Amino acid sequence: MATIPLTTRGAEKLKEELHRLKSVERHAVIHAIAEARAQGDLSENAEYEAAKDKQGFIEGRILEIEGKLAAAQIIDPASVDAGGRIVFGTTVDLEEEATGAEVTYQIVGDDEADLKLGLISISSPIARALIGKEAGDVAEVMAPGGIKRYEVVEVRYV
């Protein structure tokens, strides 16, 4: 099984979700199934079917999270020393050459990515173009609108 890179923050979020699914959601759906069963005929009971579907989703998500945590390689970005190079967990300030727009991204695992928060997936085109670069380097990213060039302004391990 391949390892899945996660930041410490991402691993904690998955652990919290797993705890919530096991301690709250699982019990709530079991209660909903019991209530639906008490209503009688299960063959025409929409509440029962909906509760069973939700139970299947919850159990599937629990297995998925447990698998990811078991295969996780948890990386604390603050403890990384890559000599100024961009690696997993790095926070990087970029300037788009064409517009001069500045953006800040942190390279994180696939499950942690949220562009609105400046968290980009390690498997995204921009992250792949940035890996190994240093401050002052230029990364070319194939975007839907064509090639975009970003200058690496600063690399931080926070």
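If you're matching positions, the sequence shown starts at 1098 in my numbering and goes up one per residue. Where is the CB? At the ideal position from N, CA and C, for every residue including glycine. Nothing here was measured: the structure is a model prediction, and the numbers come from that model.
query, result
"Check each candidate in Q1152, A1210, G1243 and name the one with the smallest Cα separation from A1195.", "G1243"
"When you compare only the Cα positions, how much space is there between D1207 and K1245?", "22 Å"
"Taking its Cβ as the centre, do 16 or more other Cβ atoms sit within 10 Å of P1102, making it buried, or is it exposed?", "buried"
"Compute the Euclidean distance between the alpha carbons of I1219 and Q1203, then round it to the nearest angstrom.", "9 Å"
"Alpha carbons only, please: which of R1158, V1184, P1241, A1131 is nearest the one belonging to I1217?", "V1184"
"Is the Cβ-Cβ distance between A1226 and V1252 less than 7 Å?", "no"
"For L1166, report the span of its alpha helix (DSSP H) as first-last.", "1143–1168"
"Can you have a look at K1230 and say buried or exposed, based on whether 16 or more other CB atoms are within 10 angstroms of its CB?", "buried"
"Check whether the stretch 1116–1126 and the stretch 1154–1162 are in contact - that is, three or more C-beta pairs closer than 8 Å.", "yes"
"Would DSSP call I1223 helix, strand or coil?", "helix"
"Smallest Cα separation from Q1152: which of G1186, G1180, V1177, H1128?", "H1128"
"Which residue marks the beginning of the alpha helix (DSSP H) containing A1236, and which one marks its end?", "It is not in any alpha helix (DSSP H) - A1236 instead sits in the beta strand (DSSP E) that spans 1235–1240."
"Can the beta-carbon of E1248 be found less than 7 Å from the beta-carbon of E1199?", "no"
"Which of the three DSSP states is assigned to G1107 in this structure?", "helix"
"Looking at the strands, I want to know which residues DSSP matches up with V1205.", "S1218"
"Identify the continuous beta strand (DSSP E) that holds I1130 and give its terminal residues.", "It is not in any beta strand (DSSP E) - I1130 instead sits in the alpha helix (DSSP H) that spans 1123–1135."
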